[in-house]
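**Q** There's a structure below that I have some questions on.
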Amino acid sequence: MPLSGGDGDDPTPSPRPAKRPRRSYVACNYIEKLETENAELKKAGPLTGVSMPPLASPAGTEQTANLLDSNASDETGEEDEATADVANPLLEDRVLTENDGMSSRPVYVGGAACTAFANRLGSNARNGELGKSAYVVPMVKHPNLLRSIDAPYTLPSRAYAQVLIQVVIRFVGQDYHLLRKKSFFDKVDDIYQDPEQADQVSLCRVFVVLALGELYLKRTGSTEGGERKVPGTKFFMQAVSLFQEHYEEPDVDYIETILLLSFYSHALNRRNTAYTYAGLALRLSVTLGLHRNISYDPSIHAADIENRRRVWWTVYTFDRLCSSKLGHAAMIRDEDIDVPLPSCEGLLAEEADDFVDPTQLIANIKLSRITGSILTLIYGAETQRTKDFVRNVHTILNNLKQWETELPHELKLDHNQFPSYGSRSVASLRLHFNQCIILTTRPVLLHVFNYHVKFNQTLGSGQPNKPLSAMTVALSEACIYAARASANLLGQLWADGNVATFGYFDAHYIFSSVVVLMMSDALRTNDADNDAITLSWALLQSMVDDGNMPAREFHERLISLRRDVDKVKVTSAGLSSGSMRGYVTSTGTFAANVNREVRPETRPDSASTTPTASGNAPGPAPHGNQSLSNAPLDAPFIQDFLGNFDQSWSTGVLDTPSNEYSEWALALDNTDFL
Numbered sequence: 148m149p150l151s152g153g154d155g156d157d158p159t160p161s162p163r164p165a166k167r168p169r170r171s172y173v174a175c176n177y178i179e180k181l182e183t184e185n186a187e188l189k190k191a192g193p194l195t196g197v198s199m200p201p202l203a204s205p206a207g208t209e210q211t212a213n214l215l216d217s218n219a220s221d222e223t224g225e226e227d228e229a230t231a232d233v234a235n236p237l238l239e240d241r242v243l244t245e246n247d248g249m250s251s252r253p254v255y256v257g258g259a260a261c262t263a264f265a266n267r268l269g270s271n272a273r274n275g276e277l278g279k280s281a282y283v284v285p286m287v288k289h290p291n292l293l294r295s296i297d298a299p300y301t302l303p304s305r306a307y308a309q310v311l312i313q314v315v316i317r318f319v320g321q322d323y324h325l326l327r328k329k330s331f332f333d334k335v336d337d338i339y340q341d342p343e344q345a346d347q348v349s350l351c352r353v354f355v356v357l358a359l360g361e362l363y364l365k366r367t368g369s370t371e372g373g374e375r376k377v378p379g380t381k382f383f384m385q386a387v388s389l390f391q392e393h394y395e396e397p398d399v400d401y402i403e404t405i406l407l408l409s410f411y412s413h414a415l416n417r418r419n420t421a422y423t424y425a426g427l428a429l430r431l432s433v434t435l436g437l438h439r440n441i442s443y444d445p446s447i448h449a450a451d452i453e454n455r456r457r458v459w460w461t462v463y464t465f466d467r468l469c470s471s472k473l474g475h476a477a478m479i480r481d482e483d484i485d486v487p488l489p490s491c492e493g494l495l496a497e498e499a500d501d502f503v504d505p506t507q508l509i510a511n512i513k514l515s516r517i518t519g520s521i522l523t524l525i526y527g528a529e530t531q532r533t534k535d536f537v538r539n540v541h542t543i544l545n546n547l548k549q550w551e552t553e554l555p556h557e558l559k560l561d562h563n564q565f566p567s568y569g570s571r572s573v574a575s576l577r578l579h580f581n582q583c584i585i586l587t588t589r590p591v592l593l594h595v596f597n598y599h600v601k602f603n604q605t606l607g608s609g610q611p612n613k614p615l616s617a618m619t620v621a622l623s624e625a626c627i628y629a630a631r632a633s634a635n636l637l638g639q640l641w642a643d644g645n646v647a648t649f650g651y652f653d654a655h656y657i658f659s660s661v662v663v664l665m666m667s668d669a670l671r672t673n674d675a676d677n678d679a680i681t682l683s684w685a686l687l688q689s690m691v692d693d694g695n696m697p698a699r700e701f702h703e704r705l706i707s708l709r710r711d712v713d714k715v716k717v718t719s720a721g722l723s724s725g726s727m728r729g730y731v732t733s734t735g736t737f738a739a740n741v742n743r744e745v746r747p748e749t750r751p752d753s754a755s756t757t758p759t760a761s762g763n764a765p766g767p768a769p770h771g772n773q774s775l776s777n778a779p780l781d782a783p784f785i786q787d788f789l790g791n792f793d794q795s796w797s798t799g800v801l802d803t804p805s806n807e808y809s810e811w812a813l814a815l816d817n818t819d820f821l
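Residue 148 is where the sequence shown starts when you use the numbering used here, and the numbers rise one by one after that.
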């Protein structure tokens, strides 16, 4: 195909995670036995008119066939060994497809499958011996089933392609494992040397990488028909035209391609498409057993095993990321995953050069795990969240606090310098962290907002109004502080020229933080929040002007929301009055203006953030970088909440006592805030 012009410091390695207890397998010689059996079958001729496919060599495929040792129980008769197979009946099966000129790939099949059970039964009937023949799965094959279209394509110049690939590695390579650095460049060189011999899956993958490269390289979109176009769109459309449905015979490269398609789909504001691609990648990963800590044939390179693991964890991260943006449940449970975390241990120097340092990948994975917990514990089914909401909030915030404490120094913010982040990837990680706090606590903030609206509506009516608890206000302030921290960080990114002009996630974080700050401003008008809203609004508007599709939607939603909030501020006279009890403080000190007991010996020293027992307003709070560096989980009342939650909570204790505020007035005042 012709070539044309284009469309338009390493972190310290983290210690390797402790390995999980391994199960007993008899897979070491499994491939060799099957190859021997296959050779014997070839000599014997075809079976019932169907030719037996040769097994792919272990070095060229991912070994996913492992069998539970049927002889795990020896003749000692110990009960724990004798019941091992019953208590943990993990079975895997090896499924082969008919050979039509393509190499067949092993497919992971879990122990619940009837075919795996039948194979195990046959193995037991043969006294633990493996089957004497490999099963061939008959299936209909046709190019139309692959959506195989001989689409014409035009590659950009090799030099321009290399620049775009480097841009992708720089912007998202630390956050996600979407390609192996050196190996991918080698594959691109092969394609350019002989484009006619390139397969469509490889071409699809190259074009979507080029699309992402243009997305992050260009600062403004081209204009067509008077409308801005998202950079990389032509490359992406070319990739989609080359995409094939290899669902029966996927491999790791194919899954990486789907992840890339999902990532770019966000830039087109096609969130459901991105979510669907992520789900497809997850399902196919499960069919390959990427989520399991399985044994591998010794001939498989350590780099290939590490690549499988990193691809899985990227799939996992995408699942949590896409699900949280749409408010859906995570698609796989953490209990079903036991594959080790990314690591460079055991890799040769030249192999390690193919991967980025795993430190930030691991931090992102752990934060994604917490995101999945938020979706389940805070936004799950009604029966799951009403009864134990406070306990769930406590669990999640403790997990976030632990994540922040364990974060390596190079991934932390330094508020004594500008910008406070060491790299764009570090800023993205912190924005994700702040968003987790917002997701966890904003139902509480909405409850506080509704409380004050109702409070003002009942003024003068003589109706009693139960005051807010101290912890309710503190949790709502944690939400506000996280939004302020995100707005501040996004402002730094804008000033530093590091905002992803066409990125979905930056636009989403702007929207999320502004919504919370609008609520804070309605509760108590203050210059700091007004300035943050103004700056964030200007940043979002600039992204809209450049052609960012998600930013356009979020901008329109904010305009509509501001009208609604302004109406509430007008109709609820005094909503922003500083005289009301239980208001959210303007400085983000987490000190609710309520009457409660304070025991200084149980709290961190902080004269500016600890209110008096009489309920007087707190003294001056820290401002600027100092306050941001301590937010949002280091506040005294939040620390008490995180460290001393030892009560047995039930629905009946969710009401705050009306006669006094004890130090442990932790409960949300009602459960009708969702």
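Using N, Cα and C, we set each Cβ at its ideal position, and we do this for glycine too. As the structure is a computational prediction, the values presented were derived from the model and not from experiment.
1) Here's a check: name, in chain order, each residue in its chain whose Cβ is nearer than 8 Å to the Cβ of Asp400, leaving out the five neighbours to either side.
2) For Phe565, count the other beta carbons within 10 Å of its own beta carbon; 16 or more makes it buried, fewer makes it exposed. Which is it?
3) Residue range of the alpha helix (DSSP H) that Pro697 falls in?
4) So, helix, strand or coil for Thr523, using DSSP?
5) Would you list the one or two residues that DSSP bridges to Glu371?
6) Taking the Cβ atom as the reference point for each residue, do Gly368 and Gly694 lie within a distance shorter than 7 Å?
7) Tell me whether the segment 646–659 and the segment 610–626 touch, counting them as touching only if at least three CB pairs, one residue from each stretch, are closer than 8 Å.
8) By the DSSP assignment, the alpha helix (DSSP H) with Phe410 in it spans what residues?
9) Where does Ala647 land, buried or exposed, given buried means 16+ other C-beta within 10 angstroms?
10) If you draw a straight line from the alpha carbon of Leu705 to that of Lys714, how long is it in whole angstroms?
11) Please determine, among Gly426, Gln344 and Ala634, the residue with the shortest C-alpha to C-alpha distance to Asp297.
12) Quick one: which unbroken beta strand (DSSP E) runs of 3-plus residues sit fully inside the segment 591–647? Chain order, please.
13) Are the beta-carbon atoms of Thr461 and Tyr568 separated by less than 7 Å?
14) With a Cβ-Cβ cutoff of 7 Å, do Phe465 and Ala425 count as a contact?
15) Kindly confirm or deny that the segment 584–596 and the segment 549–556 touch, where touching means at least three C-beta pairs closer than 8 Å.
16) Is Asp216 helix, strand or coil by DSSP?
17) Measure the Cβ-Cβ separation of Val662 and Leu622 and say whether it is below 7 Å.
18) For Leu636, count the other beta carbons within 10 Å of its own beta carbon; 16 or more makes it buried, fewer makes it exposed. Which is it?
19) Would you call Asn677 buried or exposed, if buried means 16 or more other Cβ atoms sit within 10 Å of its Cβ?
20) Have a look at Ala893 and His702 and give me their C-alpha separation to the nearest angstrom.
21) Would you report the Cα separation of Arg571 and Phe318, rounded to the nearest angstrom?
22) Would Ser633 pass as a contact of Leu708 if the rule is Cβ separation under 7 Å?
23) Does the distance from the C-beta atom of Ile402 to that of Ser442 stay below 7 Å?
24) Taking Cβ to Cβ, would you say Tyr422 is nearer than 7 Å to Cys469?
25) How many Å lie between Gln340 and Cys626 at the Cα?
26) Counting Cβ pairs closer than 8 Å, one from the segment 376–392 and one from the segment 326–337, do we hit at least three?
27) Indicate whether the contact test is met: 3 or more Cβ pairs, each with one atom in the segment 433–452 and one in the segment 474–492, closer than 8 Å.
28) Under 7 Å, Cβ to Cβ, is there at least one residue of chain E near Arg538?
**A** Based on what the coordinates show:
1) Val348, Ser349 and Arg352, listed in sequence order.
2) exposed
3) Where Pro697 is concerned, the enclosing alpha helix (DSSP H) stretches over Met696 to Thr718.
4) helix
5) Glu374
6) yes
7) Flag = no, the segment 646–659 and the segment 610–626 do not touch.
8) Where Phe410 is concerned, the enclosing alpha helix (DSSP H) stretches over Val399 to Ala414.
9) buried
10) 14 Å
11) Gln344
12) none
13) no
14) yes
15) no
16) Interpretation of Asp216 is limited by its pLDDT of 38, a score under 50 that renders its predicted location unreliable; the figure taken from the coordinates is listed afterwards. Asp216: coil per DSSP, three-state reduction.
17) no
18) buried
19) exposed
20) This structure does not reach residue 893, given that the chain is present from 148 up to 821, and the question cannot be answered.
21) 7 Å
22) no
23) no
24) yes
25) Spanning the two alpha carbons is a distance of roughly 54 Å.
26) no
27) yes
28) Of the protein chains in the structure, only one exists, and it is not chain E.
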